[in-house]
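Colleague:
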Amino acid sequence: MKRIGFFCSLLLLLVGCSRIVAPQQVRPDQLSFPKLHFSFPTVVKQQLKNGMRVYLKEDHELPLVEISLLIGGGSIHDPLDKTGLSELFAATLETGGAGDLSPLALESELAAMAAELSVSSSTYSYSIDMSLRQQDLQRGIEILADLLRRPRFAEDRLELARKQLLESIARKNDDPSSIASRLLAEAVYPHHPFGSFPQAEVVRSFSRDDLLQLQQRYLHPNNVWIAVSGDVKQQQLLTLLKQNFADWPAVEIAGQALPPLPPPPTARIIIADKDISQSSILLGQPGIDKDNPDLFALRVANFILGGGGFNSRMMREIRSNRGLAYSVYSYFQVGRRLPGLFVAGSETKCATTAEVVTLMRQAIALMRDKPVSAAELELAKRSLINSFIFAFNDTHSIVSRKLRLDFFAYPPDYLETYRQKVAAVTVADVQRVARKYFHPKQLQIVLVGDSRLFSAAVSAFGLPVETVELRND
Amino acid sequence: MLRFSVLFALFLLLSGQAFAQPLAKKVQEHHLKNGLTLLLVERHDSPTVAAYISFRVGSVNEDSRERGVAHLLEHMLFKGTKTLGTKNYQAEKPLLAKIETLGQRIDFLKNRPDTDPQQLKQLRTQLVRLQKEHRKLLIKDEFARIYAENGGVGYNAFTTKDQTTYLINLPANKLELWAAIESDRFQNAVLREFYTERDVVREERRRSYESNPDGMLYETLLATAYEVHPYRNPVIGWGSDIENLSLVETRNFLHKYYSPVNMVITLVGDFDSAAALELVTRYFGSMPPGVPVPPVVTREPPQDGERRTRIIFDTEPQLMMAYHKPTMPNRDDYAFDILMQVLGEGRTSRLYQSLIVDKQLATQVSVFGAPGSRYPNLMVIALTPRQSCSCVDVEDVVQAELAKLQNEPISAADLDKARKQIFTSILRSLRGNSGLARMLSSYEVLGGWRYLVDYEKQLNSITAEEVMAVAKKYLTTANRTVVSIGREGLK
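For the protein sequence lines, the chains are A and B, in the order given. Counting from 1 along the first sequence, just add 146 to a position and that's the residue number in our numbering. Counting from 1 along the second sequence, just add 821 to a position and that's the residue number in our numbering.
#1: With 16 as the cutoff for other CB atoms within 10 Å, does residue 1279 of chain B come out buried or exposed?
#2: What did DSSP end up calling residue 159 of chain A once you bin it into helix, strand or coil?
#3: Note down, in chain order, each residue of its chain lying with its Cβ closer than 6 Å to the Cβ of residue 415 of chain A, except the 5 sequence neighbours on either side.
#4: Is it buried or exposed for residue 498 of chain A, if we count other Cβ within 10 angstroms and need 16 for buried?
#5: Going along chain A in order, which residues have a C-beta closer than 7 Å to the C-beta of residue 1032 of chain B?
#6: For residue 1050 of chain B, name the three-state secondary structure that DSSP assigns.
#7: Just verifying my parser: in three-state terms, what is the DSSP assignment at residue 432 of chain A?
#8: Between residue 167 of chain A and residue 1107 of chain B, what straight-line distance do the alpha-carbon atoms span, to the nearest angstrom?
#9: Can you list the residues of chain B that residue 603 of chain A reaches, using a CB-CB cut of under 9 Å?
#10: Spatial neighbours of residue 868 of chain B within its chain, please: C-beta separation below 7 Å, excluding the five flanking residues on both sides.
#11: For residue 366 of chain A, verify whether its CB is less than 6 Å away from any heavy atom of the ligand GDP.
#12: Once DSSP output is grouped into helix, strand and coil, what is the label at residue 589 of chain A?
#13: Under 6 Å Cβ to Cβ from residue 262 of chain A, same chain only, skipping five residues before and after it: list those, please.
#14: Just curious, the beta strand (DSSP E) that residue 1027 of chain B is in, first and last residue?
#15: So, does the region 391-411 of chain A touch the region 296-307 of chain A, judging by three or more C-beta pairs under 8 Å?
#16: Between the alpha carbons of residue 618 of chain A and residue 319 of chain A, how many angstroms are there, rounded?
#17: Leaving out five residues before and five after residue 370 of chain A in sequence, what residues of the same chain have Cβ atoms less than 7 Å from its Cβ?
#18: Please classify residue 622 of chain A as buried or exposed, where buried requires at least 16 other C-beta atoms within 10 Å of its C-beta.
#19: Could you check what DSSP says for residue 456 of chain A in three-state terms: helix, strand or coil?
#20: Quick check on the DSSP output: the beta strand (DSSP E) that includes residue 204 of chain A runs from which residue to which?
#21: How long is the line joining the alpha carbons of residue 1298 of chain B and residue 1193 of chain B, rounded to whole angstroms?
#22: Which residue's Cα is closest to the Cα of residue 201 of chain A: A/359, A/600, A/606 and A/552?
#23: Nearest-angstrom Cα distance between residue 452 of chain A and residue 244 of chain A?
#24: The beta strand (DSSP E) that contains residue 768 of chain B, what's its start and end?
#25: Taking its Cβ as the centre, do 16 or more other Cβ atoms sit within 10 Å of residue 188 of chain A, making it buried, or is it exposed?
#26: Bridge partners of residue 1189 of chain B, per DSSP?
#27: Under three-state DSSP, which class holds residue 595 of chain A?
#28: Answer with buried or exposed for residue 1050 of chain B, where buried requires no fewer than 16 other C-beta atoms within 10 angstroms of its C-beta.
#29: Do you know whose CA, among B/1019, B/893 and B/1306, lies nearest residue 470 of chain A's CA?
#30: Kindly indicate which three-state DSSP category residue 825 of chain B falls into: helix, strand or coil?
#31: Please state if the CB of residue 325 of chain A and the CB of residue 386 of chain A are separated by a distance shorter than 7 Å.
#32: Could you spell out the range, first to last residue, of the alpha helix (DSSP H) harbouring residue 887 of chain B?
#33: Taking all protein chains shown into account, decide if residue 1148 of chain B is buried (16 or more other Cβ within 10 angstroms of its Cβ) or exposed.
#34: Note down, in chain order, each residue of its chain lying with its Cβ closer than 8 Å to the Cβ of residue 467 of chain A, except the 5 sequence neighbours on either side.
#35: Would you check if the distance between the CB atom of residue 177 of chain A and the CB atom of residue 997 of chain B is smaller than 7 Å?
#36: Residue 535 of chain A touches chain B at which residues, Cβ-Cβ below 8 Å?
Now the structure itself:
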């Protein structure tokens, strides 16, 4: 049927039909759609004898190769008197030269190949990302091997990276939204790496030996996971990896306990005064980790509350109905190992700060107090289920996601069962998890802005108020 | 910030490579009878489609009484149509008219010195009441709901100086849904909830410019470097512009410019091109052609002396320097692509090496073309000085590097490297459906992708002497604007 219709209209076009009949405006709900054909893409997994894991997906459309590495480690292991060390380690690994290459020689060679290289530190890992033209792959892998096996941590580049870090500390109070994020983390996680931020005197105390110790602890093949996508054949890649890494011996890596989280704080308001016309608002409290059995019910609940963009309650009431804010949202930072935060945020002109906070708190409370409607539940679930295929829209994200799921020991069928688990969530589940995980008595309210315009109004909430002075030290 | 001219390199670059021919062949260009341009690229790796609709109109086409209207209209086009977003449009109509009349009255009175504040307050309360009543007739954000439940992601729009673009990514089987919604949106839009959305945009301005040192610095730079040309105005509009935009102006802008002759549709993804052409023709083919957006005739007079501005703001210091330059397809613009690459792109670039590695006076540097590409634009150098260093020291080093470009031709190796980096960064931008759609769409809006045939040839034909010549011609003191931001008392 459809085919025939299509050929007819094509024919009309070909004969130069001069008048196209204007259709009655079709309403979307009058349409029916063909079935979508989707199958899970395959990713090749290999492990070298020394324990290095390799994930590959070939894609020959463009003459490029993308490489992403995850290395166990990260800022969670920075002792409290060395906060910022992992960041400095990553920056100096990236810029400090490797093997026979001085820092400048390494950078020049990469630049001449139009290659990109970056090293970064996150909570539970270090990442190295490299993007190469296909013809430079061999040299790129050699440089990567130098970086992992023979990093130089050149003194002058260590000093440069240190200065850059000190500068970012000096600028920590420039941007209101990053001030709010920092204050929220400090409020929820006192004396824990999650709530600790680099201090100038600590950063000045780091030595090259500190970096070498991290190298010795983490840079071993059995701690390295590598994801590759692009214009490379599987056999060619494995040969290259073996040539450069096969003789890199495995070393047993001592397990490190994760520092336990502090008890949840009690609800309070934290105000930082800044001379700006709009305040940054963050509400937050301890959340969940990835193994939480209520993960999917919370995803659905959060979509309805503030995660579903224009389809969320917070956006509808605060932005769309009242014009009080441009952006308003909520999310669970699902912790890969330790639980992460639940956060809700917005910005509004300073004078309407208390009004927006009140509406946000009401929206959270309503999730606990009343069941969501069947229509809200259905929309959240259909959106999460039907947009799932976009997780596989890009070759490199397919292979790097697969690697990340394994690295963090997600259930092996996590992706395959994702849609079923969303589909199983009920109205009762949503209210149950809302009651279980939204704790008004733990909610921290962080406000950064011209406090003269809102401090009286927010004190009416009856919560303790703390004022933080923003000092640039 | 986008260097659109660079994008032109794609297809020639592709044609030099083994994979190039097939992909270049994949781009299909169609013109409907009503003037609508359609670009199609089939890609069958994943069952998804990126759909972009761009109009050849942006904030540069506003006049001084309607600054911000292109962007506000973009927001208003998310509010539904005569059949979407409403329970009953006929019932809504009289209420919409009342709200508009009342809103106009408030806007009129609020700017008069002799207005009785009590009266104004009363009218505002009345407006809130009417809006509440109106909401009972609405189906809120219905576009967003339909797209979301059908698996759409990245449902959004953006307005720049030169263009306005509406985009979505959908599962491939939902392409007709997109055609139905979008053809309805551009033909039957109802600009409802106007005064609330105007407040939202006012908050957006506070967020992106007034509370944000980067935004504030950039906005001031443009308003200083341009005195006459509309590139000087922020896309979002100035605060009082937004507060006084009217529904009449917004509606007029829609009807004047949103028509097929100014419209480019770009689809990239998993579909059959013939079927997609048929679909687009069926849904968009009956729109009346409209009139092309007229070119902006205002010309910025040559800058006749250095301009300097200092903004006092609660932030550590930052600095921007700008030089007027021609835009594509002027030959000098290609030379600037090379020059900007050599100067500021990556850790081996000249400014990075001298300011950050050697002299350690700054922590960040970037060089880019701005604020648009349809009319003569600027080369901007953005700098973050170190705490202990003044903006003056940083500027001196930049001057020295610019002088070097004026006095010594860049080496063959540097020229080669710059070209290779530019071509490779274009390749990288092609990776996703959405990236490719965005590129083709922007490029088509600016001048048509036929220009690309020239680009690689042009870039490859640029000599070191020509780069030196543009440095001499444009990077002069008289052509320079310098704006800094920071707390009072600091240099």
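Just so it is clear, CB atoms sit at the ideal spot from N, CA and C, and this is done for glycine as well.
Modeller: According to the data block:
#1: buried
#2: Caution is warranted here: a pLDDT of 35 is assigned to residue 159 of chain A, below 50, making its placement in the model unreliable, and no coordinate value can be reported.
#3: 591, 604, 609 and 611
#4: buried
#5: 322, 422, 423 and 424
#6: coil
#7: strand
#8: Note that residue 167 of chain A scores a pLDDT of 44, beneath 50, so its modelled location is shaky; the value from the coordinates is reported in the next line. So the two alpha carbons sit approximately 7 Å from each other.
#9: The premise fails here: residue 603 of chain A is roughly 18 Å from chain B at the closest Cβ pair, so nothing lies under 9 Å.
#10: 992, 993 and 1091
#11: As for the ligand GDP, it is missing from this structure, which has no ligand bound.
#12: coil
#13: 277
#14: From DSSP, residue 1027 of chain B is part of no beta strand (DSSP E); its letter is neither H nor E.
#15: no
#16: 7 Å
#17: 198, 215, 217 and 294
#18: Examination of residue 622 of chain A is not possible in this model, given that chain A is present from 147 through 619 alone.
#19: helix
#20: 199-204
#21: 23 Å
#22: A/552
#23: 46 Å
#24: The requested residue 768 of chain B is not part of the displayed model; chain B covers only 822 to 1312.
#25: exposed
#26: B/1201
#27: strand
#28: buried
#29: B/1019
#30: Bear in mind that a pLDDT of 34 at residue 825 of chain B, under 50, signals an unreliable position, so the model cannot answer this.
#31: no
#32: No alpha helix (DSSP H) contains residue 887 of chain B, which DSSP labels as neither H nor E.
#33: buried
#34: none
#35: yes
#36: 867, 868, 869, 972 and 992
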